[in-house]
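Here's the structure, in structure tokens; my notes come after.
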Amino acid sequence: MKAFFDDRQWKHQPRHFMANGTVMPNPEQAERIDRLLAGARSAGCDVAAPIDAGTGPIAAIHSPEYLTFLENIHPRWMRIEGGGEEVIPNIHPANRTDSYPKSAVGQAGFHQADTACPIAAGTWEAAYWSAQSAITAADAVAAGAGAAYALCRPPGHHAFGDMAGGFCFLNNSGIGAERLRAQGLRSAILDVDVHHGNGTQGIFYHRDDVLTLSLHADPERFYPFFWGQAHERGAGAGLGYNLNLPLPRGTTDAEFLSTLDIALQRIKSFGADVVVVALGLDAFKGDPFKGFAVTTQGFAQIGGAIARLGLPTLFVQEGGYLCDELGDNLTATLGGFSEKSH
Ligand SMILES: [Zn+2]
10 MKAFFDDRQW KHQPRHFMAN GTVMPNPEQA ERIDRLLAGA RSAGCDVAAP IDAGTGPIAA
70 IHSPEYLTFL ENIHPRWMRI EGGGEEVIPN IHPANRTDSY PKSAVGQAGF HQADTACPIA
130 AGTWEAAYWS AQSAITAADA VAAGAGAAYA LCRPPGHHAF GDMAGGFCFL NNSGIGAERL
190 RAQGLRSAIL DVDVHHGNGT QGIFYHRDDV LTLSLHADPE RFYPFFWGQA HERGAGAGLG
250 YNLNLPLPRG TTDAEFLSTL DIALQRIKSF GADVVVVALG LDAFKGDPFK GFAVTTQGFA
310 QIGGAIARLG LPTLFVQEGG YLCDELGDNL TATLGGFSEK SH
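Throughout, this note's numbering is defined as the position within the sequence shown, counted from one, plus 9.
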């Protein structure tokens with residue numbers, strides 16, 4: 010399987026976020042890259058750098074206002090007297106339709122959902138190349154590769170069209186799906202990360218041309234809290250084109266796989282030409298977020314179940330945090346897919 014990654018994705022080196030009122034080290038560490046590269050290579054991936062397709066495919070789902078903010082906010086923030094080294098918001102609008110201020114602090118509150126998406130000097134460049142990895146991988150799939158893996162880090166599925174959040178800045182899975190759709194392919198985004206893909210849902214919520222599906226820990230008591238319930242089915246033309254499958258904390262392989270079957274059936278009913286897998290590996294029982302109890306063998310079965318769809322597949326890396334098995338879980342997923350797709 011072809012895999013894509015750019016060394017500039019190392020440049021995002023987040024230091025802090027706040028959890029439960031405590032300032033903590035940010036879990037989305039660049040060291041994840043080494044683990045994931047090793048995991049991809051163990052699965053037989055041949056890793057190449059993406060080409061630069063420019064801003065157009067990113068702006069297909071993100072507002073130019075937001076992209077201007079991401080690219081320029083850090084130097085602006087550095088001019089704030091007494092400002093911190095990372096852009097982290099401390100105030101938010103009550104509604105997204107409220108006034109758009111000129112202030113860097115005000116714009117940070119508008120465009121950043123929480124404290125888990127700090128922006129430092131290299132963040133924009135890293136996020137840009139993470140998105141390019143997804144775009145080049147999408148193009149490989151559109152050109153006839155049966156599958157491709159985009160090592161997207163920083164991840165993307167919590168990023169909305171105009172808002173970062175939860176370690177995410179640009180919605181790589183959404184960018185990949187939109188790139189495929191623009192080439193005439195009916196695209197479904199299947200999110201298996203332990204957290205609900207709220208940004209992805211938000212971007213496509215009113216659309217019927219990209220199907221969005223997410224299996225995740227019940228947001229009643231889990232991030233992202235305000236999205237991810239089963240009753241969120243899309244709106245307007247998009248009604249019926251979003252499927253949320255919240256599951257209890259501690260969900261095991263068998264429960265996850267039987268629920269995955271429901272999502273796979275929906276993808277078939279949509280008549281998808283291609284599936285984009287928002288591949289979070291944080292459903293793992295040993296992940297620091299401790300949402301689900303999926304095992305390494307379970308990831309192989311997830312990969313195998315997706316392969317049985319018989320569709321061209323774009324894997325886009327989402328979450329999955331530092332633990333000894335992170336690389337193994339990627340190897341298992343891609344390996345399980347490849348084994349069943351032959
Ligand atoms: Zn996650």
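Note that beta-carbon positions come from the ideal geometry of N, C-alpha and C, so glycine has one too.
Residue pairing by DSSP puts residue 31 in a beta bridge opposite 28. Considering only 348, 300, 281 and 227, the residue with the shortest C-alpha distance to residue 311 is 348. Cβ atoms of residue 268 and residue 256 come within 8 Å of each other, at about 6 Å. Beta-bridge annotation (DSSP): residue 332 is not paired with any residue. Between residue 85 and residue 113, the alpha-carbon positions lie close to 7 Å from each other. Counting only the Cα atoms, residue 276 lies some 9 Å from residue 283. Ranking 11, 286, 32 and 49 by CA distance to the CA of residue 152 puts 11 first. The Cβ-Cβ distance between residue 325 and residue 161 falls below 8 Å. In this structure, ligand 1 has no non-hydrogen atom nearer than 7 Å to the beta-carbon of residue 295.
The stretch 105–123 makes no contact with the stretch 136–148, as fewer than three CB pairs between them are under 8 Å. When DSSP assignments are scanned along the stretch 128–184, the uninterrupted stretches of beta strand (DSSP E) that are 3 or more residues long and fall wholly within it turn out to be 156–159.
In this structure, residue 185 has its CB at a distance of at least 7 Å from all heavy atoms of ligand 1. By the Cβ rule, the stretch 163–183 does not count as touching the stretch 292–300, because fewer than three pairs are nearer than 8 Å.
Residue 206 and residue 212 have their C-alpha atoms spaced approximately 10 Å apart.
In terms of CA proximity to residue 226, 237 leads the group 220, 218, 217 and 237. Here the distance from the Cβ of residue 118 to the nearest heavy atom of ligand 1 is not below 7 Å. Residue 123 counts as buried, since at least 16 other C-beta atoms from the protein chains shown sit within 10 angstroms of its C-beta. One Cα belongs to residue 142, the other to residue 185, and the distance between them is close to 9 Å.
The beta carbon of residue 264 is closer than 7 Å to those of 256 in its chain, skipping five residues each way along the sequence. Relative to ligand 1, the beta carbon of residue 174 is positioned no closer than 7 Å to any heavy atom. No heavy atom of ligand 1 is found nearer than 7 Å to the CB of residue 21. Taking the Cα of residue 200 as reference, the smallest distance to any Cα among 181, 144 and 48 is reached at 181. Our two residues, residue 301 and residue 44, have alpha carbons roughly 21 Å apart in a direct line. In the DSSP assignment, the residues bridged to residue 223 are 200 and 253. Runs of the beta strand (DSSP E) spanning 3 or more residues and lying entirely within the stretch 51–95 occur at 55–57, in chain order.
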